[in-house]
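Colleague:
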Amino acid sequence: MDKTPPSPPQTPEHTPTGQEPYRRDFLGMVTTAGAVTGAAACAIPFLESLKPQDSASAHAPVDVDLSKLAPGQQTTVVWQGKPVFILRRTPEDIAKLQNAAQADTLRDPTSKEHQQPPYAENWHRSLTPEYGVYVGICTHLGCVPAYAPAAAGNVPAPAAEGAGKPISQETPPGGYACPCHGSKFDLAGRVFKGAPAPYNLPVPPYFMPTPTTLRLGENPKGQSFDFSTIVQI
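In my numbering, the protein residues as written are 15 to 247.
(1) When the Cα atoms are used, what is the spatial distance from Asp200 to Lys235?
(2) What separation, rounded to the nearest whole angstrom, lies between the Cα atoms of Gln130 and Leu80?
(3) With burial defined as no fewer than 16 other Cβ atoms inside 10 Å of the residue's Cβ, what is the status of Gly48: buried or exposed?
(4) Measuring only the C-alpha atoms, how far is Lys82 from Arg102?
(5) Ala117 to Ser125, Cα distance in whole Å?
(6) Between Pro212 and Ile247, how many whole angstroms is the CB-CB distance? I'm expecting something under 8 Å.
(7) Let me confirm a value: Ala114 is counted as buried when at least 16 other C-beta atoms fall within 10 Å, else exposed. Which label applies?
(8) Thinking C-alpha only, which one of His128, Pro105, Thr90 is nearest Ser262?
(9) State the beta-bridge partners of Phe206 as determined by DSSP.
(10) Whose C-alpha, out of Asp107, Ala109, Lys198, Lys207, is nearest the C-alpha of Arg121?
(11) What is the C-beta distance between Pro163 and Gly86, in whole angstroms, given that I count them as a contact (C-beta under 8 Å)?
(12) Using the C-alpha atoms, what's the distance from Thr119 back to Cys152?
(13) For Ala57, count neighbouring C-beta atoms within 10 Å of its own C-beta (all shown protein chains included) and say buried if the count is 16 or more, exposed if not.
(14) What number of angstroms, rounded off, separates the C-alpha of Lys96 from the C-alpha of Gly196?
(15) How many Å lie between Leu230 and His73 at the Cα?
(16) If Leu141 and Tyr133 are in contact, beta carbons under 8 Å, what's the gap, nearest whole angstrom?
(17) Return the chain-ordered list of same chain residues with a C-beta closer than 6 Å to the C-beta of Cys192, the five sequence neighbours on each side being excluded.
(18) With H, G and I counted as helix, E and B as strand and the rest as coil, what does DSSP make of Ala109?
(19) Expressed to the nearest angstrom, what Euclidean distance is found between the alpha-carbon atoms of Val78 and Tyr145?
(20) Rounding to the nearest angstrom, what Cα-Cα distance links Tyr220 and Asn233 in this structure?
(21) What whole-angstrom Cβ distance do Gly203 and Asp107 have, given they're in contact under 8 Å?
(22) Which partner residues does Gly146 have in the DSSP bridge list?
(23) Does DSSP put Thr153 in a helix, in a strand, or in coil?
(24) Taking Cβ positions, are Val98 and Pro218 nearer each other than 8 Å?
(25) Looking only at DSSP bridge pairs, what is Lys96 linked to?
Take a look at the structure:
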């Protein structure tokens with residue numbers, strides 16, 4: 015009689031070695047598939063963020079609440095990817111814009127160049143003297159000018175000596191100064207003589223549906239203006 019003891023039952027420790035590579039490969043594929051799926055799930059939002067903005071939404075009007083904008087303050091909003099300055103001018107600012115001495119120092123004081131809608135071709139270059147609205151991009155090489163509020167009561171004398179000469183390189187009180195090449199603009203966005211910028215700051219299409227709401231990108235009723243027709247931005 016054969017007294018050879020029977021073979022012990024196989025346990026995981028006794029699994030034939032030929033199956034180990036198969037199990038490792040299978041687990042590796044499962045792990046890899048999970049990692050790829052997770053990476054794809056993370057990549058989808060990232061790729062979505064790289065898509066260009068929808069054309070309709072990019073050109074949609076933008077409403078701006080002006081109720082908390084105090085006289086002398088400015089707010090900046092983005093419209094069609096461009097910074098737009100909205101300034102609430104003080105009575106002193108408005109008086110300064112009408113001063114003949116300052117007008118003589120400006121390159122285009124009466125807005126002859128097509129840099130604004132027809133309804134902004136006036137001495138304050140806006141719908142109402144209280145609010146100025148400009149695209150904040152220097153017409154020289156595209157830098158963003160800085161706003162310099164006017165000091166209280168700083169209104170030039172009616173017949174200042176030297177009127178008509180190019181403005182100095184100092185930042186004019188109450189105006190805009192380009193940090194790149196020194197162009198200066200007044201509080202109506204009009205460029206001073208002697209500056210490298212050739213044109214006034216552009217005025218975008220807009221209107222005010224209420225006294226404290228400004229809508230960028232939409233003309234007043236009965237008015238027509240295509241921003242793409244301006245001379246330069």
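Just so it is clear, CB atoms sit at the ideal spot from N, CA and C, and this is done for glycine as well.
Modeller: To lay it out plainly:
(1) If I take the Cα positions, the gap works out to 29 Å.
(2) 21 Å
(3) Low confidence applies here, because Gly48 scores a pLDDT of 48, under 50, leaving its location unreliable and the question unanswered by this model.
(4) 10 Å
(5) 11 Å
(6) So it is not a contact: roughly 12 Å between Cβ atoms.
(7) exposed
(8) Because the chain is modelled from 15 through 247, residue 262 falls outside the range shown and cannot be assessed.
(9) Note: Phe206 sits in a beta bridge opposite Leu120.
(10) The residue with the shortest Cα to Cα distance from Arg121 is Lys207.
(11) 5 Å
(12) 18 Å
(13) Since pLDDT at Ala57 reaches only 38, below the 50 mark, its modelled position is unreliable, and no value is offered.
(14) 21 Å
(15) If you take the alpha carbons of Leu230 and His73, they lie about 10 Å apart.
(16) 6 Å
(17) Cys152, Cys157, Pro159
(18) helix
(19) 12 Å
(20) 5 Å
(21) Not really, about 12 Å apart at Cβ, beyond 8 Å.
(22) Leu101
(23) In this structure, Thr153 counts as coil in the three-state DSSP scheme.
(24) At the C-beta level, Val98 and Pro218 come within 8 Å of one another.
(25) Trp93
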